[in-house]
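Participant: A single structure is presented below for examination.
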Amino acid sequence: MVCRQEKNLAGCTCTYSACNRRGICCECVAYHRKNGEIPGCFFPPAAERTYDRSIEAFIRAYSKA
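So in the numbering used here, the last spot in the sequence shown is 1428, and the numbers never skip.
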């Protein structure tokens, strides 16, 4: 399988630019899953910018909608 990092980066909504997994979605998902978190791209923009990737933050973000 070939990683489409450049194509993925074009649509990546994560604002944590220092992350070495940006655009490598399979690594990003695996990393956050291992830590009991949800990747930033699943969050609405305002919630994503807090860098709180917890499941609780995800639920809070969408409970307000």
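We put the CB at the ideal spot given by N, CA and C, even for glycine.
So, do the region 1410-1426 and the region 1387-1394 have three or more beta carbon pairs nearer to each other than 8 Å?
Facilitator: Because the criterion of three Cβ pairs below 8 Å is not met, the region 1410-1426 and the region 1387-1394 do not touch.
Participant: Have a look at residue 1406 and residue 1421 and give me their C-alpha separation to the nearest angstrom.
Facilitator: Each residue's alpha carbon lies about 6 Å from the other.
Participant: Report the rounded CA-to-CA distance for residue 1403 versus residue 1364, giving the unit in angstroms.
Facilitator: Rounded to whole angstroms, residue 1403 to residue 1364 spans 24 Å at the Cα level.
Participant: Between the C-alpha atoms of residue 1386 and residue 1426, what's the straight-line distance to the nearest angstrom?
Facilitator: Rounded to the nearest angstrom, the two C-alpha atoms are 28 Å apart.
Participant: Hey, how far is the Cα of residue 1397 from the Cα of residue 1416?
Facilitator: Approximately 12 Å between the Cα atoms of the pair.
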